[in-house]
Each structure stands twice: as C-alpha cells, then as structure tokens.
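Novice: Following this message is one structure expressed as structure tokens.
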Amino acid sequence: MKIQRLPGPLGVPAVNRILITGSGISSAAMSAVILRQLPGASTAFRSEALAALAGSPLQHGADLILPLTIVTAAGFGLFILMLGVALGTSDRALTLARLTVMGHERATRLVLLEALPAVVVAVAAGAACALALPPLVGSALDLSVFTGPGIPVMVRPDWISLGVPAMAALLLAVAALATEARRLSRRGVDRMLRAE
Amino acid sequence: MRQTARTAGSVAVLALLVCACVFAALTGPAVSLRTRTQALSQTLAAAGPIIKTVQVDAPWDQFAAATNLDNQGYFGLGQAANLTPSQFAETQREIGRGLAHLPLPLGAGAWAGLASHLLPVAAGAGPLAFIGVNSPPMMEVVYRNALPAFALVLALSLAAFAGMVSQAITRGEVAASWQATGADVAITATSSPVTPAAEKAIAAVRGVRHLTATWNTGWATPSDQPVALVAVDPASSAALWPAPRSRPSRSRKLGSAAPGTVAVLASPAALADLGGTAAQLTSPAAMGPIGVRVAGTVTSIPGSPRAARSWS
Numbered sequence: 034m035k036i037q038r039l040p041g042p043l044g045v046p047a048v049n050r051i052l053i054t055g056s057g058i059s060s061a062a063m064s065a066v067i068l069r070q071l072p073g074a075s076t077a078f079r080s081e082a083l084a085a086l087a088g089s090p091l092q093h094g095a096d097l098i099l100p101l102t103i104v105t106a107a108g109f110g111l112f113i114l115m116l117g118v119a120l121g122t123s124d125r126a127l128t129l130a131r132l133t134v135m136g137h138e139r140a141t142r143l144v145l146l147e148a149l150p151a152v153v154v155a156v157a158a159g160a161a162c163a164l165a166l167p168p169l170v171g172s173a174l175d176l177s178v179f180t181g182p183g184i185p186v187m188v189r190p191d192w193i194s195l196g197v198p199a200m201a202a203l204l205l206a207v208a209a210l211a212t213e214a215r216r217l218s219r220r221g222v223d224r225m226l227r228a229e
Numbered sequence: 006m007r008q009t010a011r012t013a014g015s016v017a018v019l020a021l022l023v024c025a026c027v028f029a030a031l032t033g034p035a036v037s038l039r040t041r042t043q044a045l046s047q048t049l050a051a052a053g054p055i056i057k058t059v060q061v062d063a064p065w066d067q068f069a070a071a072t073n074l075d076n077q078g079y080f081g082l083g084q085a086a087n088l089t090p091s092q093f094a095e096t097q098r099e100i101g102r103g104l105a106h107l108p109l110p111l112g113a114g115a116w117a118g119l120a121s122h123l124l125p126v127a128a129g130a131g132p133l134a135f136i137g138v139n140s141p142p143m144m145e146v147v148y149r150n151a152l153p154a155f156a157l158v159l160a161l162s163l164a165a166f167a168g169m170v171s172q173a174i175t176r177g178e179v180a181a182s183w184q185a186t187g188a189d190v191a192i193t194a195t196s197s198p199v200t201p202a203a204e205k206a207i208a209a210v211r212g213v214r215h216l217t218a219t220w221n222t223g224w225a226t227p228s229d230q231p232v233a234l235v236a237v238d239p240a241s242s243a244a245l246w247p248a249p250r251s252r253p254s255r256s257r258k259l260g261s262a263a264p265g266t267v268a269v270l271a272s273p274a275a276l277a278d279l280g281g282t283a284a285q286l287t288s289p290a291a292m293g294p295i296g297v298r299v300a301g302t303v304t305s306i307p308g309s310p311r312a313a314r315s316w317s
C-alpha cells in the first residue's frame, strides 16, 4: 500500500479508519466483528443516517404530501379521461351503428382512431409542460431543507415520473375505448339505431 | 441579492406558466363552443327561410271556425269564413306570444355538432354499403368536444412534476447520507490502530464489496492553521467512491509530486490555509514533518467535512 510510505508515529501510518461499501451488510454481524477485532471503535452505518433523514418530521410530511399529490393528480386525470370517454359514448354509438349499416366492420379501430388523437395530444402537451417545469422553477425550489445544508438538490427531468403517468393515461384510454367498442358491437345495430 | 432576484424571477415564471395553463384550460372549451356556434350561424345563414321558421299548421275549417265564434254555425262552433285583416293581425300576435313563452329545446347535440359536408367514399366501404343503392356511400367528419383533453394536460403535468420533486428529494437524501458517513459503513478506531487481521476479518463479513483503510490525522500548516489529512490508497479509494452523486470532483488532473512530497487534493478552505500549492505540514505528535503539493481540489470529502485528502 502506498499509504505506508507516509511518516507516521512509529515511522509508518497507523490506519485508524475503515470505509466499506457493499449491499446487504448485516449490522449485527458487522458490529460483532468490530467488537471482537476493534474494541472501542465507533461505527457509522449509512443506512442509519439515511433512515434518520427520512424519519425526520419534515421529511415524513413530504413523504406523505408528495405521493398524495401524485395520487390526486392521477385520480383527477383518470376521472377526466373517463369523463371524456363517457361524454362521447352516445355519439360514437350512433356513428358506429350508421357505419356498421354501411358495411364498416372494424369498430374498435374506428373508435380508437376517432378518440385517441385528442388523448395523445393531451399526453404530449402534459409531458412537454412537465419537462419545461424543472428548468423554469428549479432554482426557486430549495429542497435542501429536506436533506440538510451543503447538499444541492436539483429537480431534474425524470423519465419514470414522466413516463408512468403518460403511459398509464394512454393505456387506460386505449383499454376503455376498446372495451366500449366491444360493448357497442355486442349491443347490435338495431338497438343502437332504435335508441336514436 | 442575485439569488433573491433569481428566485423572484423563477416564481414569476412559475406564476406565468400556471396562468398560461389555466388560461388554456378555460379558453379552449370557450373557443371550441364559439367555433361551433359560428358554424351553426353560418349554416343557418345559408339555409332557406322555411328551414329557419317555426311552422304551425292546422285544418283551415277548424282554425277559421275557432276564430269566428261570434257567428255560430253547426254544432255550436263558429262559422268558417275568411279572416279579416284585424283578425289576421291578432292571430299573428297571439301565435307569436304563445311561441315566445314556449321553450323550444333543440335536440341533444343537434346544434352543437360541427360536421363537414357529406363527402363520397371512393374506396374502403364494405359490400353492405352498396346494397339497394347505386351511388357510393357518403362520409362526414364530425367535431368532438376537446374539454377533457385540456384538463388532462394539467393533471399529467402536476403528477409528473410531483414525481420529479419526490425523486429529487430521494436523491438528495442518499447524497446527504453518503456525505455524512463517506461509505456504507465507516469504522473509526479510537484506542488502537486497525491491524491487517482486523481488516481481513471485517472484509469477510457477508455483503462487504470494497474496503479501504484510511489514516485520519491532524496537522498544522506553516501559518499554524490546523488541517485534517485523510490519507488513502488511490486504488482502493477509487473502488470505494464510485458513486457519482457524492464522489469528490477533481477540478484539475492530478499532478505528480516531487520526490519527498505527497500529492494532495485539497478543499478550497484547506488550500487557503496552506498559502500555496506546496507546503510543509507539521504535527504536534512525534511524526513528520510532511511535504505536500496540491495536485487538485475537491469540493468536499464524504465522511470528513473539514479535511484534505492525501492521494499518496
């Protein structure tokens, strides 16, 4: 070790600190070994430091509020999506019935083609807004209150946070519209036209 | 001052963005409704008077008899006769008043729809479309309300941004915990130095991937300023601090130290205390002195907030 070339108390350095990395290190096993090999040594586990940070009241509040915000926004988005699908159901049923009489047979594709472009545009616009927010407002958000001073916490575009809601909205819209198309097909043309 | 101005600017931008989103969410449906109303107005303007008129009809005999009750005819009803000009004017007024009090609801979606003209379908129609007719089927493009799409933009933006903030806080916590300890486990021997046997025993604990031994000591600069020195082996410390979040960043490439001196990475504070890029450190303990040459700077050293690191 090159460290041994330095001048220590007895001519060579006396190593007095050990830094360890690894995953799944057992605290109990490590403490037992330290107690046996280095009695009186102090040990600091990063997991404990992380748990102390995450367990602070402020952080606990953030852990509660942020997921709540995400769930509320997602629920609101889901409601809007379903409302949009529901509002257009009668019109779509009538159009589908007329086109079926005319010989059109691909109901699902027609329903998706008719309703999905608006959803795709909305998802793209939402993603663009979410991507624009971090550079616009990032410097105004001081998130270091959650982690302590000296650690800059930057809000960066996160593909998981962005992709999961967007993909969920798209998949839900496709599933809802496909289900609606199948239901309308089963209902029969005569009943749909009679309802008119 | 600059930070305050930047913060104020960012808040203003955020407020502007929120206003723009709300404006778009409110204006979109309004514009949509206006477009359809204009389309309806244009359609009605091109339509003939008969189409735009509420028509009321009744058998002439019954109508004329009802308006001429003063002259009794058969079965006690009025006698059918032509209307006088005054009767005609009175009839017009009564029908007008009656219609004005009547609600005239339009069919659901009948007036709000915005559709193109009928367009002939040249190809793609199924055989059923041609049964009983010789002409090709017709198609019209129908407008749909886009209100939910505008609101979906807001909901998605909010959900995604909240997720980004949450992820940023999580990253910051991990970085802060790394900065506090410097490793997953940091062991500081107080009574006796760490022996190779102890290192081997600790390295054998399940889950340990990398282990590096450091020598943390206190020294004094030529100006008698205390400075903490963390001596590490470059090879093992490179394996220990690979985490990009908190690895000390080197602003310059590591230079080579002259013989008899040790190359060090110094924090800005330590560099200021050294008074230059080369200095001799002394220790109150019976060791040293040691010549150091600053080969680079680091912003911080994980686990040792007030230390310079010897890259020995």
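Just so you know, the sequences run in chain order A and B. Going by the working numbering, the first sequence opens with residue 34, and the numbers climb by one from there. Going by the working numbering, the second sequence opens with residue 6, and the numbers climb by one from there. Quick reminder that beta carbons are idealized off the backbone N, C-alpha and C, glycines included.
Return the residues of the segment 72-85 of chain A that lie within a Cβ-Cβ distance of less than 8 angstroms from chain B, sorted by chain order.
Specialist: Under the 8 angstroms Cβ criterion, the segment 72-85 of chain A contributes 72, 73, 74, 75, 76, 77, 78, 79, 80, 82, 83.
Novice: Could you tell me whether the Cβ of residue 211 of chain B comes closer than 8 angstroms to any Cβ of chain A?
Specialist: Closer than 8 angstroms: yes.
Novice: Taking 8 angstroms as the CB-CB limit, is residue 214 of chain B close to chain A?
Specialist: Chain A, which has a Cβ nearer than 8 angstroms to the Cβ of residue 214 of chain B, makes this yes.
Novice: Should residue 55 of chain A and residue 298 of chain B be called a contact, given that it needs their Cβ atoms to be closer than 8 angstroms?
Specialist: No. Outside cutoff.
Novice: Count the other C-beta atoms from every protein chain shown that fall within 10 angstroms of the C-beta of residue 100 of chain A, then say buried if there are 16 or more, exposed otherwise.
Specialist: When all chains shown are included, residue 100 of chain A counts as exposed.
Novice: Can you give me the Cβ contacts of residue 221 of chain B inside the same chain, cut-off strictly under 6 angstroms, excluding the 5 residues immediately before and after it?
Specialist: Here the set comprises 235.
Novice: So, are the CB atoms of residue 177 of chain B and residue 228 of chain B less than 8 angstroms apart?
Specialist: No.
Novice: Quick check: the segment 110-128 of chain A against the segment 197-216 of chain A, are at least 3 beta-carbon pairs closer than 8 angstroms?
Specialist: With the cut-off at 8 angstroms, the segment 197-216 of chain A and the segment 110-128 of chain A touch.
Novice: Just to confirm, is the Cβ distance from residue 168 of chain B to residue 103 of chain A under 8 angstroms?
Specialist: Against a cut-off of 8 angstroms, the Cβ pair of residue 103 of chain A and residue 168 of chain B comes out as a contact.
Novice: Within the present structure, is the beta-carbon of residue 179 of chain A separated from the nearest heavy atom of the ligand FAD by less than 7 angstroms?
Specialist: As presented, the structure is devoid of all ligands, the ligand FAD included, so that no description of it is given.
Novice: Could you give the residue range of the alpha helix (DSSP H) that holds residue 203 of chain B?
Specialist: Here the alpha helix (DSSP H) through residue 203 of chain B covers 201-208.
Novice: If you measure between the beta carbons of residue 219 of chain B and residue 50 of chain A, is that distance less than 8 angstroms?
Specialist: Yes; because the gap between Cβ atoms is below 8 angstroms, this pair is in contact.
Novice: Looking at chain A, is there any beta carbon in it that lies within less than 8 angstroms of the beta carbon of residue 270 of chain B?
Specialist: With 8 angstroms as the cut-off, residue 270 of chain B does not count as an interface residue toward chain A.
Novice: From the DSSP output, in three-state form, read off residue 179 of chain A for me.
Specialist: Of the three classes helix, strand and coil, the one that applies to residue 179 of chain A here is coil, per DSSP.
Novice: Say whether chain A places a C-beta atom closer than 8 angstroms to the C-beta of residue 36 of chain B.
Specialist: No, its Cβ sits nowhere closer than 8 angstroms to a Cβ of chain A.
Novice: Less than 8 angstroms between the CB atoms is what I'm expecting for residue 286 of chain B and residue 232 of chain B, so what's the real figure, rounded?
Specialist: Sure, about 7 angstroms apart at Cβ, within 8 angstroms.
Novice: Return the residue from the list B:293, B:300, B:205 that minimises the CA-CA distance to residue 269 of chain B.
Specialist: Measuring from the Cα of residue 269 of chain B, the nearest candidate turns out to be B:300.
Novice: Looking at residue 67 of chain A and residue 192 of chain B, is the spacing between their C-beta atoms short of 8 angstroms?
Specialist: Closer than 8 angstroms, so yes.
Novice: Between residue 146 of chain A and residue 206 of chain A, which are expected to be in contact by the criterion C-beta below 8 angstroms, what is the C-beta distance as a whole number of angstroms?
Specialist: With a Cβ gap of about 13 angstroms, residue 146 of chain A and residue 206 of chain A do not count as contacting.
Novice: Taking three-plus beta-carbon pairs below 8 angstroms as touching, is the segment 188-196 of chain A in contact with the segment 157-172 of chain B?
Specialist: At 8 angstroms Cβ cutoff, the stretches touch.
Novice: Name the chain B residues that come within less than 7 angstroms of residue 198 of chain A, Cβ to Cβ?
Specialist: Under the 7 angstroms cutoff, chain B gives 161, 164, 165.
Novice: Step through the CB atoms of chain A and report whether any lies within less than 8 angstroms of the CB of residue 174 of chain B.
Specialist: Yes, because at least one Cβ of chain A sits closer than 8 angstroms to the Cβ of residue 174 of chain B.
Novice: Would you report the Cα separation of residue 44 of chain B and residue 159 of chain A, rounded to the nearest angstrom?
Specialist: Taking the straight line joining both Cα atoms gives about 29 angstroms.
Novice: Show which residues of chain A have a CB atom less than 8 angstroms away from the CB atom of residue 184 of chain B.
Specialist: The answer, in chain order, is 183, 184.
Novice: Run through DSSP, which three-state label would residue 70 of chain A get?
Specialist: Residue state, collapsed to three classes: helix.
Novice: Determine, using beta carbons only, whether residue 297 of chain B comes closer than 8 angstroms to chain A.
Specialist: Not closer than 8 angstroms to any Cβ of chain A, the Cβ of residue 297 of chain B fails to qualify, so no.
Novice: Near residue 60 of chain B, what residues of its chain come up, given a Cβ to Cβ distance below 6 angstroms and the 5 sequence neighbours on each side ignored?
Specialist: No residues qualify anywhere along the chain.
Novice: Less than 8 angstroms between C-beta atoms, sequence neighbours within five positions excluded: which residues of the same chain meet that for residue 72 of chain B?
Specialist: If we look at residue 72 of chain B and ignore the five residues flanking it on each side, its Cβ neighbours are 83, 88, 92, 96.
Novice: If we count Cβ pairs, one from each stretch, closer than 8 angstroms, do we get three or more for the segment 178-185 of chain B versus the segment 162-180 of chain A?
Specialist: Enough Cβ pairs lie closer than 8 angstroms, so yes.
Novice: Please work out which residues of its chain come closer than 6 angstroms, Cβ to Cβ, to residue 217 of chain A, disregarding the five sequence neighbours upstream and downstream, and give them in chain order.
Specialist: Taken in chain order, the residues that qualify are 126, 129.
Novice: Can you grab the Cα-Cα spacing for the pair residue 126 of chain B / residue 142 of chain B, in whole Å?
Specialist: Computed Cα separation, rounded: 6 angstroms.
Novice: What separation, rounded to the nearest whole angstrom, lies between the Cα atoms of residue 50 of chain B and residue 104 of chain B?
Specialist: Cα-Cα distance, rounded: 22 angstroms.
Novice: Residue 195 of chain B: buried (16+ other C-beta within 10 angstroms of its C-beta) or exposed?
Specialist: Under this definition residue 195 of chain B is an exposed residue.
Novice: With burial defined as no fewer than 16 other Cβ atoms inside 10 Å of the residue's Cβ, what is the status of residue 46 of chain B: buried or exposed?
Specialist: So residue 46 of chain B ends up on the exposed side.
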